[in-house]
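Under our numbering, the residues of the sequence shown are numbered 921 to 1119, in order. The block underneath contains the structure these notes are about, expressed in structure tokens.
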Amino acid sequence: EACIQRLAQMMRASGIHLIMATQRPSVDVITGTIKANFPTRISFQVTSKIDSRTILGEMGAEPLLGMGDMLYMAGGAKITRCHGPFVSDEEVEEVVTHLKGFGPPEYVGNVLDGPDSERSSDIDQVLGLGGNTDGEDALYDTAVQVVINDRKCSTSYIQRKLAIGYNKAARLVEQMEDQGLVSPANHVGKREILVPEQQ
């Protein structure tokens, strides 16, 4: 569960699309943590109202007809009843063969390694959650340009503008503070831009 939670938290920031499935929709399998990280849910026919409530948060999945009949809930919004198509094994194999024709997969070798105190793991660098932030870093230069142009500097603002993780954005802001580009945060968390406005 901890691995799924970590992946689910990173997937929003990095564009990972994760699909999870279970045949046993009980509260010990679909925990509150998992439900919080997977706002979009699909339920096929279930045997009881309790199972439906565990998956969707309300009843309604128990009278479904089966054979692809399902309830779809997108991001906590209204539930929609829809029908999933049947896809044969041959069709799946054709799609896989087509995708394999684009070239061999590229894997990040250190995904399964634990965190290293000396350096961020490769996966964190790929996802923008850690890594080096020296002055020559192109991302740092972009962040500085955003701050100078927009006259705004906060971790969440940098995170939104550059589409990076919170930790990476926080490091960029700290580095700007260290180099005298922005002031330390005041009592309400605001920072003053110390670089003169560009004409």
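Don't be surprised by glycine CBs; every beta carbon is placed ideally from N, CA and C.
Inset, instruction - State yes or no: is the C-beta of methionine 990 within less than 8 Å of the C-beta of isoleucine 962? - result: Here residue 990 refers to the residue found at position 70 of the sequence shown. Here residue 962 refers to the residue found at position 42 of the sequence shown. Yes, they are a contact pair.
Legend entry - Inter-residue spacing [alpha-carbon to alpha-carbon] between alanine 1058 and phenylalanine 1022: Within the sequence shown, numbered from 1, the residue matching residue 1058 stands at position 138. Within the sequence shown, numbered from 1, the residue matching residue 1022 stands at position 102. As the crow flies, the alpha-carbon of alanine 1058 is around 30 Å from that of phenylalanine 1022.
Inset, instruction - May I ask you to report which of helix, strand or coil DSSP gives valine 1012? - result: As a first step, residue 1012 is located in the sequence shown; it is residue number 92 there, counting from the start. Correct three-state label for valine 1012: helix.
Inset, instruction - Just grab the DSSP bridge partners of arginine 961 for me. - result: Stepping through the sequence shown from its first residue, residue 961 is reached at position 41. Met993, per the DSSP bridge assignment.
Legend entry - Reduced DSSP secondary structure (H/G/I, E/B, other) of valine 1064: Counting from one through the sequence shown, the residue named residue 1064 turns up at place 144. Here valine 1064 sits in helix by DSSP.
Inset, instruction - Would you mind sorting aspartate 1054 into buried or exposed? The rule is 16 or more other CB atoms within 10 Å of its CB. - result: As a position in the sequence shown, residue 1054 is number 134, starting the count at 1. With a pLDDT of 49 at aspartate 1054, under the threshold of 50, the modelled position of this residue cannot be trusted, and the question is left open.
Legend entry - Enclosing alpha helix (DSSP H) for arginine 1091 [first to last residue]: Taking the first residue of the sequence shown as position 1, residue 1091 is located at position 171. Run containing arginine 1091: 1086-1098, per the alpha helix (DSSP H) assignment.
Legend entry - Rounded straight-line distance, which links the Cα of isoleucine 1078 to that of methionine 940: Locating residue 940 in the sequence shown gives position 20, counting from the first residue. Locating residue 1078 in the sequence shown gives position 158, counting from the first residue. Taking the straight line joining both Cα atoms gives about 31 Å.
Legend entry - valine 984 versus lysine 1020 - alpha carbon distance: Within the sequence shown, residue 984 is the residue found at index 64, counting from 1. Within the sequence shown, residue 1020 is the residue found at index 100, counting from 1. Reading the sequence as shown, one finds leucine at residue 984 and not valine. Looking at the backbone, the Cα of leucine 984 and that of lysine 1020 are separated by about 36 Å.
Legend entry - Where arginine 1001 sits in the DSSP three-state scheme: Sequence index remark: in the sequence shown, residue 1001 carries index 81 (1-based). In this structure, arginine 1001 counts as strand in the three-state DSSP scheme.
Inset, instruction - Give the DSSP bridge partners of valine 1108, in chain order. - result: Position 188 of the sequence shown, counted from the start, is the residue given in the question as residue 1108. Paired residue(s): none; valine 1108 is not in a bridge.
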